[in-house]
Amino acid sequence: MPVQNRRRSPSSDSPTAPTRSASIPRQRGKPGKASQRSRPKDPFWARFVVIMGALLLMASGGTIAGSKALISHATSSIEQDNLLGEGGKTVEEGGKDLKGPINILLLGVDARERWAADDVRSDTIVILHIPATHDQAYLLSIPRDTEVRVPPFPKSRYPGGTAKATEAFFHGAQNGRGWAGGAQLMSDTLKRMTGISFDAAAIINFGGFKKIIDELGGIPVCVDEQVTSFHMKMVNGKPMWNADAKKLGSNWPAVVHKKGCRTMKGWEALDYSRQRYGVTGSDYGRQQNQQKLIKGIAKKAMSEGMTNPVKLNGLLKAAGKAFVVDTNGVPIEDFIYTLRGVAANDLVLLRTNGGEFNGNADNSRELLDETSRAMFRAVKKDSLAEFIAENPSVVVPSK
Numbered sequence: 006m007p008v009q010n011r012r013r014s015p016s017s018d019s020p021t022a023p024t025r026s027a028s029i030p031r032q033r034g035k036p037g038k039a040s041q042r043s044r045p046k047d048p049f050w051a052r053f054v055v056i057m058g059a060l061l062l063m064a065s066g067g068t069i070a071g072s073k074a075l076i077s078h079a080t081s082s083i084e085q086d087n088l089l090g091e092g093g094k095t096v097e098e099g100g101k102d103l104k105g106p107i108n109i110l111l112l113g114v115d116a117r118e119r120w121a122a123d124d125v126r127s128d129t130i131v132i133l134h135i136p137a138t139h140d141q142a143y144l145l146s147i148p149r150d151t152e153v154r155v156p157p158f159p160k161s162r163y164p165g166g167t168a169k170a171t172e173a174f175f176h177g178a179q180n181g182r183g184w185a186g187g188a189q190l191m192s193d194t195l196k197r198m199t200g201i202s203f204d205a206a207a208i209i210n211f212g213g214f215k216k217i218i219d220e221l222g223g224i225p226v227c228v229d230e231q232v233t234s235f236h237m238k239m240v241n242g243k244p245m246w247n248a249d250a251k252k253l254g255s256n257w258p259a260v261v262h263k264k265g266c267r268t269m270k271g272w273e274a275l276d277y278s279r280q281r282y283g284v285t286g287s288d289y290g291r292q293q294n295q296q297k298l299i300k301g302i303a304k305k306a307m308s309e310g311m312t313n314p315v316k317l318n319g320l321l322k323a324a325g326k327a328f329v330v331d332t333n334g335v336p337i338e339d340f341i342y343t344l345r346g347v348a349a350n351d352l353v354l355l356r357t358n359g360g361e362f363n364g365n366a367d368n369s370r371e372l373l374d375e376t377s378r379a380m381f382r383a384v385k386k387d388s389l390a391e392f393i394a395e396n397p398s399v400v401v402p403s404k
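Plus 5 on top of the position in the sequence shown (first one is 1) and you've got the working numbering.
Right, dumping it as structure tokens:
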């Protein structure tokens, strides 16, 4: 997916990629130039895996080979932008010091070339929390329909108001602010709601994940219940978006994800992880599947994708097109070096509201229950492990 190749600027204004929203009229936008990132091809790098914006680089408990200078050179082409806005850690909160707990905001968007850059919502909202011990990582998903108080955002001319969490991104992206504006307003909104300040943020183009998964040769996925795709049809044996399939006829069968474990190609894994209709728990079921997708990519990359220099090169090129990051002014190599003790197997998946809808069905907005609010307070206080021990129901059940 083409994105605009830009370095982070405190007053970043331009959109990064064309995107969409389901209910607001589409606008035309021009895709920018694609950007790529590169890292060393040396197999000594085989032991760390990408998971910083859904691919924050984390080591698997071994020692990272090479100096920070080498890491800096390897990551110099990673696309960065101002995504945090007012949601970043202040100097009083620790600023650029990575010695304490680390919180990273991950925002997933479904971006396609024909969609305009200010016509987008963030359907996936995840907080990646790493405690001060830097030996564990937690993924907390926030329901897209959570009712939030969105602050005024003069950059996009948004006056402020009550909305769904997914809509905060849209309001920030208006009037030419694009992905950066959407992320800034989302970051500020979540900080006000949860009290959590962020050390970094990333926007993940889930369409870009398809290329990453394909570079890995697919990833193992276990489908717990048969699900019919709401987004794709099978046209002459090939998967196709509904809108594209409609141009070729109207009687094509929907893609069906059958129950069982298998290795999925990129398109299949992404489509399955996007389903919420017909999935037990609806959006909560989708959140869990997306969390498992992130963890599955990390584990596959660590076990196979980083050992072959040729495969590594292709994987990193694909990753470079999948997301944009903001490290709040901290060099990326410092993140990598600091988190060298975290492995893919150390990712713990958490859920809000016990994995069930909690809110007003009339307007489809959700409210966080007291346990969920307490979980976010525990993140802020860096006492999440103790909270989980007392509230084991917040952990996504393994199946």
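Beta carbons: idealized from backbone N, C-alpha and C, even for Gly. Here the structure is a predicted model, which is why all the values come from computation and not from measurement.
Item to check | Distance between ILE299 and ALA51 (C-alpha atoms, nearest Å) | outcome: Bear in mind that a pLDDT of 26 at ALA51, under 50, signals an unreliable position, so the model cannot answer this.
Next on the checklist: Can you list, in chain order, the residues of its chain with a C-beta nearer than 6 angstroms to that of ALA178? Leave out the 5 residues immediately preceding and following it.
Outcome noted: ASP123, VAL125, GLY186 and GLY187
Checklist entry - Fully enclosed by the segment 196 to 250, which alpha helix (DSSP H) runs are 4 residues long or longer? => result 211 to 220
Checklist entry - Is the beta carbon of ALA259 sitting closer than 9 angstroms to the one on SER234? => result yes
Item to check | Nearest neighbour of THR332, chosen from THR151, LYS169, ALA206 and PRO156 [CA to CA] | outcome: ALA206
Checklist entry - Given that a residue counts as buried once 16 or more other Cβ atoms are within 10 Å of its Cβ, and exposed if not, what is ARG291? => result buried
Checklist entry - Which first and last residues belong to the alpha helix (DSSP H) in which THR288 is found? => result Inspection of the sequence shows that residue 288 is occupied by Asp rather than by Thr. Here the alpha helix (DSSP H) through ASP288 covers 288 to 305.
Checklist entry - Just to confirm, are GLU361 and GLY286 a CB contact at a threshold of 9 angstroms? => result yes
Checklist entry - So, is LYS263 buried or exposed, given that buried needs 16 or more other C-beta atoms within 10 angstroms? => result exposed
Next on the checklist: To the nearest angstrom, how far is the alpha carbon of GLU230 from that of LYS304?
Outcome noted: 23 angstroms
Next on the checklist: Here's the rule I'm using: 16 or more other beta-carbon atoms within 10 Å means buried, otherwise exposed. How should ASP249 be labelled?
Outcome noted: exposed
Next on the checklist: With a threshold of 7 angstroms on Cβ separation, who are the neighbours of LYS101 within its own chain once the five nearest residues in sequence on each side are excluded?
Outcome noted: ASN333, GLY334 and VAL335
Next on the checklist: Can you give me the C-alpha to C-alpha distance between TYR342 and HIS139, rounded to a whole angstrom?
Outcome noted: 11 angstroms
Item to check | Minimum C-alpha distance to TRP246 - residue among ASP276, PHE328 and LYS160 | outcome: ASP276
Checklist entry - For PHE410, which three-state DSSP category applies? => result Missing from the structure shown is residue 410; the chain here goes from 6 to 404 and no further.
Checklist entry - Who does ASN365 pair with in a DSSP beta bridge? => result ARG370
Next on the checklist: To the nearest angstrom, how far is the alpha carbon of ASN210 from that of VAL226?
Outcome noted: 20 angstroms
Item to check | For MET269: DSSP bridge partner residues | outcome: ILE224
Next on the checklist: Give me the residue from ALA170, GLN141, PRO157 and LYS160 with the minimum Cα distance to SER127.
Outcome noted: ALA170
Next on the checklist: Give me the residue from ARG197, PRO148 and ARG382 with the minimum Cα distance to ARG281.
Outcome noted: PRO148
Next on the checklist: Going by DSSP in three states, LEU354 sits in which element: helix, strand or coil?
Outcome noted: strand
Next on the checklist: Cutting at 7 angstroms between CB atoms, please list the residues of its own chain near LYS386, excluding the five before and the five after it.
Outcome noted: none
Checklist entry - Which word fits ASP86, buried or exposed, when buried means at least 16 other C-beta atoms lie within 10 angstroms of its C-beta? => result buried
Item to check | Beta-carbon proximity check, ARG382 vs GLY200, cutoff 9 angstroms | outcome: yes
Checklist entry - Where SER192 and ASN256 are concerned, what is the direct C-alpha to C-alpha distance, given to the nearest angstrom? => result 43 angstroms
Checklist entry - DSSP on GLY394, reduced to helix/strand/coil? => result Note that residue 394 is Ala in the sequence shown here, rather than Gly. In this structure, ALA394 counts as helix in the three-state DSSP scheme.
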